[in-house]
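Last residue of the sequence shown: 127 in the UniProt record's numbering, with the numbers rising by one and none dropped. In this text, a Cβ means the ideal position worked out from N, Cα and C, and glycines have one as well. Fair warning: this is a prediction, and the values are worked out from it, not measured in the lab. Read the structure below first, then the notes.
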Amino acid sequence: MEKRESQSFSSKSRFYGEQYFPHGLARSGDFTRQQVTLLEAHGAVYEALHRGTIQPKNEEEQRFVNVCSGEAVAVSPHEKVWMTFVRKIEAQKSFSPFGKSTKKHPETVPSIDIDDHEDHGFEIDDE
Numbered sequence: 001m002e003k004r005e006s007q008s009f010s011s012k013s014r015f016y017g018e019q020y021f022p023h024g025l026a027r028s029g030d031f032t033r034q035q036v037t038l039l040e041a042h043g044a045v046y047e048a049l050h051r052g053t054i055q056p057k058n059e060e061e062q063r064f065v066n067v068c069s070g071e072a073v074a075v076s077p078h079e080k081v082w083m084t085f086v087r088k089i090e091a092q093k094s095f096s097p098f099g100k101s102t103k104k105h106p107e108t109v110p111s112i113d114i115d116d117h118e119d120h121g122f123e124i125d126d127e
């Protein structure tokens, strides 16, 4: 099992996720030490598999791709840590103290009829 584990998700480059965590994964407070270790060692491959820029080279990596696409539930440490990472960055995108949410929730925005001329204490000039 150890041999298969070392062959899967092998990468020569470290992954720091600085695009999403500018102070680093470890300093973000969002991940355990074990999760940071996995992400830094294998995150470049996780991301490439998730984006489809590389093809899976074995069954374990194919299952990982299936988890990323929602076809399977995360079970392995690799799958679980990547899904945690993805959830964290999606949460960052959905709320920003500096601007609008990137997620749209039309069900929470009331419909406004522009032609509704109820008297709200102001006049509307239709010219």
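Distances from the CA of Gly-17 to each of Gln-35, Ser-8, Gln-7 and Ser-10 were compared; the closest alpha carbon is that of Gln-35. For the alpha helix (DSSP H) assignment, the uninterrupted runs of no fewer than 4 residues enclosed by the stretch 26-73 are, from N- to C-terminal side, 33-51 and 59-68. Taking C-beta separations shorter than 6 Å and ignoring five residues to either side along the sequence, the partners of Ser-13 in its chain run Ala-44, following chain order. In the three-state scheme derived from DSSP, where H, G and I count as helix and E and B as strand, Arg-87 is classed as helix. With a cutoff of 7 Å on beta-carbon distance, Tyr-46 and Ile-89 are scored as not near each other.
No Cβ-Cβ contact shorter than 7 Å links Leu-25 with Leu-38. About 7 Å separates the CB atoms of Val-67 and Val-73; that is less than 8 Å, so the two are in contact. The beta-carbon distance between Phe-9 and His-42, rounded to whole angstroms, is 4 Å. This is short enough to meet the 8 Å contact definition. Contact between Leu-49 and Val-65 holds: CB atoms are separated by about 5 Å, below the 8 Å threshold. Annotation: Glu-60 to Gly-29 spans about 29 Å, alpha carbon to alpha carbon.
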